[in-house]
Structures are given as C-alpha cells and as structure tokens.
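First residue of the first sequence? That's -12 in our numbering, and the numbers climb one at a time after it. Inspection log for the structure reproduced underneath, given as structure tokens.
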Amino acid sequence: MRTELKRPRGTQDLLAPESLRVERFRRLAFDTARHYGFDPIETPAFEQSAVFLKVGESTDVVQHERYAFTDAGGVELTLRPEGTAAVARAYVENGLYNAPQPVRLFYWAPMFRRERPQALRYRQHTQFGAELFGVEDASADAEIMLLSTAVVIRAGLSHPVIRANSLGCSLCRPAYRSALVQYYEGFRGQLCQDCERRLDQNPLRLLDCKVDQAVREGSPDLSLFWCPECRRHFERVIELVGATGRLIERDPHLVRGFDYYTRTVFEVGHPELGNGTALFGGGRYDGLVELLDGPKVPGVGFGMGSERLLAALGTRLSASSQPSSYVAYLPGFQGQAWIVAESLRVRGLPCQTDLLQRSLKAQLRDASRRVQYVLIVGGEEWAEGKLTVKNLESGAQHVVSADPDDVAQVLVHEGALGL
RNA sequence: GUGGAUGUAGCUCAGUCGGUUAGAGCACCAGGUUGUGGCCCUGGGGGUCGGGGGUUCGAGUCCCCUCAUUCACCCCA
C-alpha cells in the first residue's frame, strides 16, 4: 500500500507490545504519585499563548518551538510545550491557593515542541510530572526528588543519581550573573559560536558548554554568591534527600532551560542514553504563580519524559502478559462458541473468538499466536454437555464440562489439572 | 536553525556495466489433514523501487530538486 497520509514528522505510532509497556509504566507512575499524596490533574492540550509566553520569554521552547495557531474566533492558542506553566495556571484559575496547602498535583500528558527530531526527541512526547505548591521549605524540593526517583526505582532502575544545583534567588542571582558575564567578556572572540551567542542571550547556559570547558574552569563559582538563605536551603535539600539513602550530588554546572526556576534545579540522567540526554529534571519556581496573576505562592516540580524513561529501562520493564483464552469451534458451532466466550468474559476472564468463520485448523493457528488456552466447541463433546480445553504451550488437552462456571474454574486452576 | 547518512513488499535486505515481466528470507492467507496450532511441503496475495523532473533507444541503477527517516549540534523530556 502506498499513501501520502503519513504521520507528521517527529511523531510516532505506538503499537503493541510497546504500547503495553507504556501503559504499564503509566500505571506505575500514577500509583507512585498517589502513594506520595499527589492528586491527578488534567489540563487542556492547548492554552492561551500568553500562558507560555509570560513564563518563558527567553527560552527556546516557547520562543522558537511553539505550535501556535489562531482559532476562528481570533484567539491566540499554543499547544502545550511543557507542563508546569499549564498546571500553575490551573492552580491560580481554580483558586487552589485557598485549598489546604501544600497542594500536590501530578499529570501524564502529551507535550508539543517543533524541534528537529533525533534520538529520543520528538515533536510530540509524553511527560509524567508533578508539582508541589505552597511550601518554601527545602522539604518540598526533597519530596519532589524522592517521588521522581521513586518512580524510576520502582520501574527497575536501581540507583539513580540526582545532580542538583541552586541558581540562587532574585537577591543573589543577579550578582552572579554579572560576575559571570564580566568573566566571559574577557574571552570574547575566543569562544565557540554557541557560547558567543549564550554570552548575550542566556549567560547561565555558558556553564554547560561542552566545548569551552577550559574557559569554564576559571569561571566564578555560583555557590560563592548564594545568599545565606539560599545556601541553607540548598544544604537542607541535600541533607533531607541524602538521609533517605537516595544518591544526590551537587553539579556546579547544572542550569536548566526555563526562566522561572529559582534556587533548586536538578536532573537525573542515564548512561545508556548518552551524557546530554536527561531522563528527567525539575526545580523550584517561587515566582511563577505570581507571574500568572496568582498570589505569592512558592512551588517546585519535575517533568519526566516517558519515551526516554522506557528506553532507559529497556527490558527491565516488559509488557505485562496475562494468560488469555480463545474459543474455537467446529463448523456450525459459531453461535455456541460466541456464548461460551462471552460467559467467560462476564466472569472476568479474558477471552476471544474467531469472527471470520475459519476452519478449525486456521482458528488454532490464530489462537496459538494470540493466547495460551483454547477451548474447542462442537461435535460429540458438545452433545454431551462438554468441550475441550487445550494448553497451546504444552499441547495437553482435556474434555471438561461446558457449564460456564466449570469452564471458568478450569481456566483459573488449569495448573492443578496438569494442562 | 546547522551538518552528515539512508530511502526497493508489512519487516530485514539482495538487485552486477544502465538492458526483457524487480527478487529472497521472515510475516500474512489457503491447501496438503471437511475434529487440532507450532515442524514440513505446495500454492497465493502483497511493489506505481519515497515523490517530481532530467539524461538516455532504455533508469531501481546516473544527475538535479523535493519529501521522509535517522544521527549529531543547538535546545530539551
């Protein structure tokens, strides 16, 4: 078949068994978040463009990579490129600052960014994320780190290492920023092309350049500029997380892409994904709610890309399979098979049956590719109120009562019958 | 946005120097066995060789453009 109707660039069709792994991970993430007291939140796939524009003035994600459109009513809308701004908007709009604090929210949602696709980078990807509002104390940062790592640990990655840093607050960051700019100005003209641009547009990004590392070595240390409160906050985060046995270390060069981060930022990577590709990351955003017309409420959160996480997990998280059954029939017995199949399903047992009026041989071939147990309906057994149960893996088969309750019981306890 | 690689069946790939009707394996369907899957045998369906243009008597093959995939950079999940 030839068609021009292909999926848009950078998107993907997810088929079994991959789609089953995703669903399994989604449930695991959902469970874990609930375990920490977080409630699910769903926000629209698109927002007024202003929501993202306000929040990410200088970031590539909202500056160059937005899927934006004007609807028939003239409203400027943008497909959600990231979760935090949307959730913060919902926090304000729904008056959650009047709810008992802290407010703990999590989401599982598609994100849209018009980037050039490459390994594990898509124009539509899925993020599991959580946001915690209303706590300025370092324990909130620590709880977010615990939740995010708990998810990957439960999924099968044993010892994630959190790399963390503090970007300081509105009191101490400006001083550092100008010291950094002043230092790098001395190397103007000797830097890589990207760094020349960073120097003007986003100086903090100079810190994670992979080329000009020698220049970076002599750059001023961010931690020397932290105000006492920021210092105490960061040390407390390290202490609280470390106390639980999680691995956390300071990465003095870690900065992150969104403007709204204050103080804590963190990332977790994975060796199998290459050095630059973060599994997930997050941080604190104490000014964000206010920026979105809300009261002065602090917040902290993370976002985790499910595609990257599933890739890092590899076979550690496999598609769950539960034994299933298939009702095959002899010519003329499709009606009876139909009823047997449904009687099993209403008893909670997975079951399918042939819809194509195929030969028994074809049905068995089909069944052997799909399920572990096949029931054969028809002929002499059926006349005696019986049917055949066959285990397609072992080849063993028995004739049993065709009463639906009996059949269900046999399937549940088939091990005991030596099938 | 920048740079590289690759596009032939559902999948993985052959296809010689430009030459007849484009092949294989796997997968799918049917039959061999009108009551038994997997192994085996036989047969079948499925391709405008990514698309467009050009060179040529003749293009899957050579040239140009384009689209897509993929990898890296930027950035990010």
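Glycine included, every Cβ here is placed at the ideal spot set by N, Cα and C. For clarity, every value in this text was computed on a predicted model and none was experimentally measured.
Residue i versus the options, residue with shortest Cα-Cα distance
i: ARG(-6); options: VAL122, VAL314, GLN111, PRO87; result: GLN111
i: GLU380; options: ALA370, VAL387, ARG357; result: ARG357
i: ASP124; options: PHE253, CYS217, GLU294; result: CYS217
i: PRO310; options: VAL327, PRO337, GLN323, VAL284; result: PRO337
i: VAL138; options: ARG295, ASP18, ARG243; result: ASP18
i: SER308; options: VAL252, SER210, THR(-10), GLU5; result: GLU5
i: ARG164; options: ALA324, ARG243, PHE212, ALA328; result: PHE212
i: THR46; options: TYR248, GLY24, VAL399, THR264; result: TYR248
i: GLN304; options: GLU52, LEU144, GLY319, ARG352; result: Checking the sequence, you will find Leu at residue 304 rather than Gln. The residue with the shortest Cα to Cα distance from LEU304 is LEU144.
i: ARG332; options: ASP58, LEU154, VAL394; result: VAL394
i: PRO27; options: ARG13, ARG334, THR264, ASP273; result: ARG13
i: PRO207; options: CYS214, ALA166, GLU226; result: ALA166
i: LEU241; options: HIS22, LEU154, THR71; result: LEU154
i: PHE56; options: GLY70, ALA72, GLN50, SER36; result: SER36
i: ALA349; options: PRO318, PRO391, GLU329, TYR23; result: PRO318
i: ALA86; options: GLN188, VAL284, ARG108; result: VAL284
i: LEU209; options: ALA162, GLU254, LEU351, PHE253; result: ALA162
i: GLN344; options: PHE320, ARG334, GLU329, GLN359; result: PHE320
i: ALA32; options: THR231, PHE221, THR71; result: THR71
Inter-residue CB distance, residue i and residue j (contact presumed, cutoff 8 Å)
i: GLY43; j: PHE245; result: 6 Å
i: SER419; j: VAL9; result: Outside the modelled stretch of the chain, which goes from -12 to 406, sits residue 419, for which no answer is possible.
i: GLY288; j: GLY116; result: 6 Å
i: CYS182; j: LEU194; result: Incorrect: roughly 10 Å between the Cβ atoms, too far for contact.
i: SER135; j: PHE267; result: 6 Å
i: TYR94; j: GLU29; result: 7 Å
i: PHE25; j: LEU92; result: 6 Å
i: ALA265; j: GLY256; result: 5 Å
i: CYS196; j: CYS214; result: Not quite, the Cβ-Cβ distance comes to about 26 Å (not below 8 Å), so this is no contact.
Extent of the continuous beta strand (DSSP E) run through residue i
i: GLY382; result: Premise fails: GLY382 is in no beta strand (DSSP E) and is neither H nor E.
i: CYS338; result: 338 to 340
i: GLU368; result: Note, GLU368: premise wrong, no beta strand (DSSP E); alpha helix (DSSP H) at 366 to 370.
i: GLN111; result: 111 to 120
i: ALA96; result: 90 to 99
i: SER312; result: 312 to 316
i: LEU64; result: 63 to 66
i: LEU234; result: 234 to 237
i: VAL168; result: Premise fails: VAL168 lies in the alpha helix (DSSP H), 160 to 172, not in any beta strand (DSSP E).
i: VAL399; result: Unbroken run through VAL399 is the alpha helix (DSSP H), 391 to 399; no beta strand (DSSP E).
i: VAL252; result: 249 to 256
i: ALA55; result: 55 to 57
i: PHE267; result: 265 to 271
Unbroken alpha helix (DSSP H) run spanning residue i, endpoints
i: PHE17; result: 5 to 22
i: GLY70; result: 70 to 80
i: LEU28; result: A quick correction: the sequence has Ile, not Leu, at residue 28. Premise fails: ILE28 is in no alpha helix (DSSP H) and is neither H nor E.
i: ARG185; result: 180 to 188
i: PHE39; result: 36 to 42
i: GLY322; result: 321 to 332
i: ARG141; result: 125 to 142
i: VAL287; result: Per DSSP, VAL287 belongs to no alpha helix (DSSP H); it is in the beta strand (DSSP E), 286 to 292.
i: VAL228; result: 215 to 230
i: GLY356; result: Here residue 356 turns out to be Arg, not Gly, going by the sequence shown. Its alpha helix (DSSP H) spans residues 347 to 357.
i: ALA201; result: 200 to 204
i: SER153; result: Premise fails: SER153 lies in the beta strand (DSSP E), 148 to 153, not in any alpha helix (DSSP H).
i: LEU275; result: 275 to 278
i: ASP47; result: 47 to 50
Proximity of residue i and residue j at Cβ, strictly below 8 Å
i: PRO190; j: VAL168; result: yes
i: ARG233; j: ILE149; result: yes
i: ARG237; j: ARG271; result: no
i: LEU66; j: TYR54; result: yes
i: VAL48; j: GLY281; result: no
i: LYS373; j: ALA389; result: yes
i: GLY286; j: GLN114; result: no
i: ALA129; j: PRO89; result: no
i: PRO68; j: ASN152; result: no
i: ARG76; j: ALA306; result: no
i: LEU15; j: ALA142; result: yes
i: VAL397; j: GLU368; result: no
i: LEU186; j: TYR170; result: no
i: ALA370; j: LEU107; result: no
Residue i beta carbon near the ligand ADP (any heavy atom closer than 7 Å)
i: ALA77; result: Among the ligands in the structure shown, none appear at all, so the ligand ADP cannot be discussed.
Below 8 Å, can you find three or more Cβ-Cβ pairs linking the stretch 304 to 319 to the stretch 358 to 365?
-> Segments in contact, yes.
Could you tell me whether the stretch 97 to 110 touches the stretch -6 to 3, using the rule of 3 or more Cβ pairs below 8 Å?
-> Touching, yes, given that three or more Cβ pairs across the two stretches are closer than 8 Å.
Stretch pair the stretch 337 to 357 + the stretch 294 to 301: three plus CB contacts closer than 8 Å | The answer is no - the stretch 294 to 301 does not touch the stretch 337 to 357, with fewer than three Cβ pairs under 8 Å.
Flag this pair as touching only if the stretch 198 to 207 and the stretch 154 to 162 have three or more C-beta atom pairs under 8 Å; answer yes or no.
-> Output reads no: the stretch 154 to 162 does not touch the stretch 198 to 207.
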